[in-house]
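Below is one structure, written out as structure tokens; the observations come after it.
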């Protein structure tokens, strides 16, 4: 039985190596740098309704500005909820392994969120670090998927009567995803 298992393992490894060595059809990967892009982006702790602007003028570096509209339902207890609305920004710098085409990246940035609920306003900021992968196709379409950590600073909220709430932040898991088009 041990010989059969060993033979199967050797056969499996050989089969995978043969498959990897086969010629493949050309991929529709980006073959030249498209310096500007726009797209739909979620994550980085600033919501699901966002857009981003991408500038890739320096090899292996992309500047990405994400802007989001926020609408959060807040449970006030006793079955009562209110909605806080606002906006968020997340400028990041992405360091990319390849200047064009599909590539892994490391992103470092900052996120800022501002919310209002009635006469109470609040804001928070965070430092973020993400790793991920971006698929960039010859058609100009790109798909971004990544995750990392966001270190949220203290959260401050102020009421119209001058009262304030101060709450310390902390580190949280972070995701980001986007679909974009490069020009």
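Residue numbers (our numbering): 547 to 729.
We put the CB at the ideal spot given by N, CA and C, even for glycine.
In this text the structure is predicted, and so the values were computed from the model without any measurement.
Here residue 633 is not near residue 686, since their CB atoms are 7 Å or more apart. Collapsing the DSSP output to three states places residue 574 in coil. Leaving aside the five residues that flank residue 655 on each side, the residues in its chain whose CB is nearer than 7 Å to its CB run, in chain order, 636, 637, 638, 639, 674.
DSSP lists 600, 638 as the bridge partner or partners of residue 610. With the rule of 3 Cβ pairs closer than 8 Å, the region 655-665 does not count as touching the region 678-693. With a cutoff of 7 Å on beta-carbon distance, residue 721 and residue 589 are scored as near each other. For residue 714 and residue 695, the gap between their C-alpha atoms comes out near 17 Å. Each of 648, 711, 672, 621 was checked against the Cα of residue 659, and the nearest Cα belongs to 672. A distance below 7 Å between beta-carbons, with the five flanking residues on each side excluded, links residue 576 to the following residues of its chain, in chain order: 646, 647, 682, 683, 684.
The C-alpha of residue 626 is placed about 9 Å away from the C-alpha of residue 620. Under the three-state reduction of DSSP output, residue 679 falls in the strand class.
Counting along the chain, the unbroken beta strand (DSSP E) around residue 697 starts and ends at 687-698. Rounded to the nearest angstrom, the gap between the Cα atoms of residue 578 and residue 606 is 13 Å.
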